[in-house]
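K.L.:
Numbering (our numbering), first residue to last: 567 to 630.
1) Does DSSP put residue 593 in a helix, a strand or coil?
2) Locate the alpha helix (DSSP H) running through residue 605, then write down its first and last residues.
3) With DSSP collapsed to three states, give me the class of residue 584.
4) What is the DSSP secondary structure of residue 600, reduced to helix, strand or coil?
5) On the CB-based measure, 16 or more other CB atoms within 10 Å of its CB, does residue 583 come out buried or exposed?
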């Protein structure tokens, strides 16, 4: 993972670890981050979108 997105990834995992999706529903971080789940705060949703956009932006630097 690129260093420029790593901080976002860490913040996203931290946010998800406090969510009911992980704490109560006992789902994986990947499951909780990968879908629109009502037990995830709007802060986590925002971090998820920002992180995914960061990753997409990096992928565009490497044309196939």
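Using N, Cα and C, we set each Cβ at its ideal position, and we do this for glycine too. Just so we're clear, the structure is a prediction, and the values are computed from it rather than from any experiment.
P.N.:
On the basis of the coordinates in this document:
1) coil
2) Looking at the DSSP string, residue 605 is not in any alpha helix (DSSP H), and its letter there is neither H nor E.
3) coil
4) Of the three classes helix, strand and coil, the one that applies to residue 600 here is coil, per DSSP.
5) Here residue 583 is exposed, its C-beta having fewer than 16 other C-beta atoms within 10 Å.
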